[in-house]
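Trainee: Chains as they are written, first to last, in this note's numbering: chain A, 1 to 219; chain B, 220 to 438; chain C, 439 to 670; chain D, 671 to 902.
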């Protein structure tokens with residue numbers, strides 16, 4: 001069974017380590033915040049200018065001056081700090097954010113990522129994605145393994161305009177967990193019930209399979 | 220009669236315009252603050268991180284956390300702001316400080332200035348002087364016309380290591396007020412009782428004298 | 439150094455057709471609502487707007503788009519409104535998309551008197567086209583120039599008559615950076631207080647960067663994505 | 671994200687001989703007194719110190735000079751003490767003098783992940799020797815690299831256990847810049863409060879830049895130039 005979006009987020013949450021500062025992109029990455037393991041203390045950075053993002057406010061508590069990078073109303077946790085957009089991307093560029101999680105349309109087996117533009121469609125812009133992928137020490141991509149037409153999104157080379165080059169470190173898709181290595185996608189885990197053969201068939205880029213590939217474990 | 224240091228400061232103060240942000244260097248320039256003309260509102264910048272510097276504190280009111288760029292205890296005026304050293308030099312570089320007044324060992328008739336280093340003597344450093352002279356829109360130098368040996372300090376070319384090139388706009392010495400023009404030092408005013416001939420004799424750099432040169436007027 | 443002007447109308451009255459203007463704000467958060475309204479009323483045209491976003495159909499810069507006052511947008515993320523898309527597709531509107539951090543840092547560079555900065559954002563992408571790439575310590579960076587804007591219009595929470603500004607929460611965003619970057623900077627604030635009222639240790643934008651300030655009125659502060667959870 | 675350590679001794683104990691350390695402060699204002707004392711006690715040697723000044727004979731970095739712990743000073747203005755001068759003239763101490771704004775901006779560049787910056791300071795002077803000069807819009811600038819320091823040691827007024835810092839008056843100076851620039855940054859504060867106590871709008875250094883924080887003790891805060899006027 002392919003993972004749900006929630007399960008992708010849940011699996012990514014297992015990559016969090018105590019003390020991490022983490023930037024979560026829009027979409028599935030945002031859901032990661034719901035699955036932070038017990039005993040693991042992480043601080044969420046929102047690139048519009050906040051460290052210490054909390055959950056959505058209770059009804060009636062929304063503050064129009066307090067939003068996240070997805071423009072959603074949010075809250076803060078104790079110890080939070082506000083700052084301007086230059087310092088926000090400054091701390092990202094300086095490698096102070098330990099982990100960035102974001103979505104992708106395509107990832108190449110060299111770690112290139114495309115997630116901002118589809119030629120011929122209305123282009124909304126890259127927002128902070130290019131800064132994040134160019135700067136982050138550790139980037140995990142949350143994505144579907146295939147597009148709605150059934151074509152692989154894990155490719156030998158991206159076909160869409162790039163967001164960044166050789167930057168993705170790990171992918172958690174609905175089918176698998178993969179490391180991006182100099183040799184290609186290295187399969188680490190399978191979604192429960194998904195076979196290595198299915199992953200092979202749905203991965204267009206170079207795939208490395210060594211030994212027994214375990215199923216993901218969810219608590 | 221050559222001007223006293225206080226009179227040099229007093230003459231420079233007449234260059235202040237309402238609304239100016241001003242950086243005053245150590246020594247004679249600091250004294251300029253004592254002669255700000257009535258009705259003229261200026262804000263003093265101290266490059267260690269303050270806009271809105273006030274006078275020295277009353278005895279017993281000294282705050283070790285509140286000093287100027289000369290490391291003297293000071294006070295603030297209403298509307299003052301503290302900031303870090305990068306922003307302080309940032310606003311200087313960006314041309315937001317309208318006038319910088321500083322001392323000099325030598326000035327060339329091209330506007331070069333030397334004021335930080337005498338070879339063979341212990342070198343203490345340039346502090347913020349190189350930043351100030353390289354960035355300020357308008358630089359007035361407060362200086363003695365000659366050194367203690369009687370040698371001119373207004374030269375065809377500086378002999379000491381430079382602080383900055385082609386940056387000085389005006390000089391107020393103990394003998395004269397001079398503009399630094401592309402053609403050389405242009406004599407504007409004489410100290411009371413000082414003759415044009417004396418100024419000529421004591422100016423080694425190119426001196427331009429056009430028409431009658433008035434005496435300085437002190438109120 | 440009193441910078442106070444009467445209102446938005448007075449603050450923007452000398453902004454000419456064809457000006458390049460920075461607008462603070464992220465989405466609809468922290469945008470200078472009063473000045474945008476005054477510019478719409480004034481009808482200034484042919485503007486180049488530097489702003490992270492372009493508002494929505496009926497709010498923010500979207501209001502200026504409706505009036506066809508904007509010639510070019512320089513932004514990181516746009517298109518939350520239909521009129522924007524229509525003008526873009528019809529060729530009436532020019533759009534330059536640049537990474538958000540690059541946008542912010544190019545504002546900062548202007549305020550700090552630094553002519554250019556280096557950032558890795560966009561290396562190897564179409565953003566790098568025509569730009570100088572330089573390697574430092576094994577990593578490639580693009581050289582990006584400081585912005586050169588005629589006007590910057592920002593919104594702060596509190597300000598004093600000397601132009602010192604304090605922002606609230608994530609309404610800070612691009613505002614302090616653009617405040618530093620305009621040849622003329624206009625600040626509108628929710629509360630204008632006399633100079634000397636604000637704590638000098640707690641000012642986000644020193645007044646030296648501000649040329650005009652006024653207390654705005656009737657802030658709508660529209661929320662773009664209202665997300666809430668049920669009361670516990 | 672608790673960053674609290676017990677005291678200065680614990681905070682500096684892993685600083686090895688030969689380390690490059692930034693020290694916040696301008697003159698004796700806002701210097702990390704406790705950490706300097708701990709380093710003197712620890713006897714760490716061969717240090718390269720990046721600090722705007724070098725203290726006086728019996729205070730600040732001067733205390734480390736007395737113990738011959740410093741190999742090199744990178745500063746904008748030094749020599750307020752006799753021992754410094756003696757070591758410099760005897761060749762025991764190396765000194766690199768750089769403009770104050772360049773010093774500050776090279777710290778900031780490190781904290782902002784910018785490998786280099788451009789500044790006009792020093793163009794045409796001996797400071798420019800060996801440096802790349804580049805002309806932007808008719809004005810020459812020097813390219814200066816971001817600092818690369820093993821440790822930064824700063825002093826703040828208040829801090830919280832997450833490492834968020836607030837500075838007081840002109841004791842801010844280089845502290846927030848160096849705080850951003852150390853691979854490991856140690857902050858000593860006059861008052862350490864629980865995370866959540868400080869106003870999130872009013873924090874000068876976000877805790878993400880801070881690795882260790884402790885409440886210092888017995889601050890002497892020596893005044894270098896006591897200037898006063900008679901009571902009115």
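C-beta atoms are modelled at their ideal positions from N, C-alpha and C, and glycine is treated no differently.
In whole angstroms, what separates the C-alpha of residue 767/D from that of residue 853/D?
Mentor: Along the fourth chain, read from residue 1 onward, the residue named residue 767/D stands at position 97. Along the fourth chain, read from residue 1 onward, the residue named residue 853/D stands at position 183. Going by the C-alpha atoms only, they are around 23 Å apart.
Trainee: On a CA-only basis, which of 714/D, 712/D, 756/D is nearest residue 727/D? Give me that one, please.
Mentor: On the fourth chain, residue 727/D is found 57 positions in, with the first residue counted as 1. Comparing Cα positions, the closest option is 756/D.
Trainee: Please tell me whether residue 556/C has its Cβ less than 7 Å away from any Cβ of chain D.
Mentor: By 1-based counting over the third chain, the position of residue 556/C is 118. By this cut-off, residue 556/C is an interface position.
Trainee: Within the region 24-75 of chain A, note down every full beta strand (DSSP E) run reaching 3 residues or more, in order along the chain.
Mentor: Taking only runs of at least 3 residues, the beta strand (DSSP E) segments lying wholly in the region 24-75 of chain A are 43-46, 50-53.
Trainee: Determine whether the Cβ of residue 223/B lies closer than 7 Å to any Cβ atom of chain D.
Mentor: Working through the second chain from its first residue, we reach residue 223/B at position 4. Taking Cβ atoms only, chain D never reaches closer than 7 Å to residue 223/B, which makes this a no.
Trainee: Compute the distance between the beta-carbons of residue 709/D and residue 729/D, then report whether it is under 7 Å.
Mentor: Taking the fourth chain and counting its residues from 1, the one referred to as residue 709/D is at position 39. Taking the fourth chain and counting its residues from 1, the one referred to as residue 729/D is at position 59. Cβ atoms of residue 709/D and residue 729/D: not closer than 7 Å.
Trainee: If you measure from the beta carbon of residue 747/D to each beta carbon in chain B, is any gap under 7 Å?
Mentor: Here residue 747/D corresponds to residue number 77 of the fourth chain, with the count starting at 1. Yes, contact with chain B.
Trainee: Give me, in chain order, the residues of the same chain whose beta-carbon lies closer than 8 Å to that of residue 275/B; leave out the 5 immediate sequence neighbours on both sides.
Mentor: Sequence index remark: in the second chain, residue 275/B carries index 56 (1-based). Closer than 8 Å at the Cβ level, and outside the excluded window around residue 275/B, lie 291, 292, 293, 294.
Trainee: So what does DSSP say about residue 647/C, is it helix, strand or coil?
Mentor: Mapped onto the third chain, residue 647/C falls at position 209. Three-state DSSP puts residue 647/C in a helix.
Trainee: Check this for me: beta carbons of residue 652/C and residue 475/C, under 7 Å apart or not?
Mentor: Your numbering for residue 652/C matches position 214 in the third chain. Your numbering for residue 475/C matches position 37 in the third chain. Contact: no.
Trainee: Return the bridge partner residues of residue 855/D from the DSSP annotation.
Mentor: By one-based count along the fourth chain, residue 855/D stands at place 185. 822/D.
Trainee: Suppose only complete runs of 3+ residues qualify. What are the beta strand (DSSP E) ranges in the region 381-430 of chain B, listed by chain order?
Mentor: Listed in chain order, the complete beta strand (DSSP E) runs (minimum 3 residues) inside the region 381-430 of chain B are 389-392, 395-400, 403-409.
Trainee: For residue 745/D, tell me which candidate among 866/D, 683/D, 813/D, 722/D has the shortest Cα-Cα distance.
Mentor: What you label residue 745/D is simply residue 75 of the fourth chain in a count that begins at 1. Closest option to residue 745/D, Cα to Cα, is 722/D.
Trainee: Within 7 Å of any Cβ in chain G, is that where the Cβ of residue 258/B sits?
Mentor: Reference to chain G is not applicable here, since the protein chains of this structure are A, B, C and D.
Trainee: On the DSSP letters alone, give me the boundaries of the beta strand (DSSP E) that residue 786/D sits inside.
Mentor: The residue given as residue 786/D occupies position 116 in the fourth chain. That run of the beta strand (DSSP E) goes 786-789.
Trainee: If we call anything under 7 Å between Cβ atoms a contact, is residue 774/D one with residue 847/D?
Mentor: For the purposes of this step, residue 774/D is taken as the residue at position 104 of the fourth chain. For the purposes of this step, residue 847/D is taken as the residue at position 177 of the fourth chain. In this structure, residue 847/D lies closer than 7 Å to residue 774/D by Cβ.
Trainee: So what does residue 721/D bridge to, in DSSP terms?
Mentor: Residue numbering aside, residue 721/D sits at position 51 when the fourth chain is read from its first letter. Bridge partners of residue 721/D: none, in fact.
Trainee: What first and last residue would you give for the alpha helix (DSSP H) that runs through residue 92/A?
Mentor: Residue mapping note: residue 92/A aligns to position 92 of the first chain, counting from 1. That run of the alpha helix (DSSP H) goes 85-93.
Trainee: Rounded to a whole number of angstroms, what is the C-alpha to C-alpha distance between residue 316/B and residue 353/B?
Mentor: Translated into the one-based positions of the second chain, residue 316/B becomes position 97. Translated into the one-based positions of the second chain, residue 353/B becomes position 134. Approximately 12 Å between the Cα atoms of the pair.
Trainee: Tell me, please, which residues DSSP counts as bridged to residue 663/C.
Mentor: Start at 1 with the first residue of the third chain, and residue 663/C comes out as number 225. The partner list for residue 663/C (beta bridge, DSSP) reads 72/A.
Trainee: Name the residue from 851/D, 739/D, 824/D whose alpha carbon lies nearest to the alpha carbon of residue 838/D.
Mentor: Walking along the fourth chain from the start, residue 838/D turns up at place 168. Ranking 851/D, 739/D, 824/D by Cα distance to residue 838/D puts 824/D first.
Trainee: The beta strand (DSSP E) that contains residue 582/C, what's its start and end?
Mentor: The sequence position of residue 582/C within the third chain is 144, counting from 1. Its beta strand (DSSP E) spans residues 577-583.
Trainee: Can you have a look at residue 760/D and say buried or exposed, based on whether 16 or more other CB atoms are within 10 angstroms of its CB?
Mentor: Along the fourth chain, one-based indexing puts residue 760/D at 90. Under this definition residue 760/D is an exposed residue.
Trainee: Kindly indicate the opening and closing residues of the beta strand (DSSP E) around residue 571/C.
Mentor: For the purposes of this step, residue 571/C is taken as residue 133 along the third chain, with counting starting at 1. From DSSP, the beta strand (DSSP E) with residue 571/C extends over 571-574.
Trainee: From the DSSP output, read off the bridge partner residues of residue 510/C.
Mentor: Translated into positions along the third chain, residue 510/C becomes position 72. Looking at the DSSP assignment, residue 510/C forms a beta bridge with 486/C, 532/C.
Trainee: Just to confirm, are residue 804/D and residue 281/B a CB contact at a threshold of 7 Å?
Mentor: By 1-based counting over the fourth chain, the position of residue 804/D is 134. By 1-based counting over the second chain, the position of residue 281/B is 62. Not closer than 7 Å, so no.
Trainee: Can you check whether the C-beta of residue 587/C is within less than 7 Å of a C-beta belonging to chain B?
Mentor: The residue labelled residue 587/C in the question sits at position 149 within the third chain. By this cut-off, residue 587/C is not an interface position.
Trainee: For residue 662/C, collect the residues of the same chain with a Cβ closer than 8 Å to its Cβ; drop the 5 residues on either side in sequence, then sort them by chain order.
Mentor: Walking along the third chain from the start, residue 662/C turns up at place 224. Taken in chain order, the residues that qualify are 465, 466, 467, 494, 518.
Trainee: Only counting the same chain, and skipping five residues up and downstream in sequence, which positions put a Cβ closer than 7 Å to that of residue 455/C?
Mentor: Stepping through the third chain from its first residue, residue 455/C is reached at position 17. Excluding positions up to five away in sequence, the list reads 482, 483, 484.
Trainee: Give the straight-line distance between the Cα atoms of residue 671/D and residue 613/C, rounded to the nearest whole angstrom.
Mentor: Walking along the fourth chain from the start, residue 671/D turns up at place 1. Walking along the third chain from the start, residue 613/C turns up at place 175. So the alpha carbons of these two residues sit roughly 28 Å apart.
Trainee: Helix, strand or coil, according to DSSP, for residue 144/A in the structure here?
Mentor: For the purposes of this step, residue 144/A is taken as residue 144 along the first chain, with counting starting at 1. It is coil, neither helix nor strand.
Trainee: So, is residue 882/D buried or exposed, given that buried needs 16 or more other C-beta atoms within 10 angstroms?
Mentor: Within the fourth chain, the letter at position 212 stands for residue 882/D. Under this definition residue 882/D is a buried residue.
Trainee: Determine whether the beta carbon atoms of residue 159/A and residue 130/A lie at a separation below 7 Å.
Mentor: By one-based count along the first chain, residue 159/A stands at place 159. By one-based count along the first chain, residue 130/A stands at place 130. Contact flag unset, no.
Trainee: Taking C-beta to C-beta, are residue 114/A and residue 105/A nearer than 7 Å?
Mentor: Start at 1 with the first residue of the first chain, and residue 114/A comes out as number 114. Start at 1 with the first residue of the first chain, and residue 105/A comes out as number 105. Yes. Within cutoff.
Trainee: If you draw a straight line from the C-alpha of residue 339/B to the C-alpha of residue 326/B, how long is it?
Mentor: Locating residue 339/B in the second chain gives position 120, where the first residue counts as 1. Locating residue 326/B in the second chain gives position 107, where the first residue counts as 1. If I take the Cα positions, the gap works out to 20 Å.
Trainee: Strictly below 9 Å CB to CB, what residues from chain C border residue 354/B?
Mentor: Locating residue 354/B in the second chain gives position 135, counting from the first residue. The contacting residues are 551.
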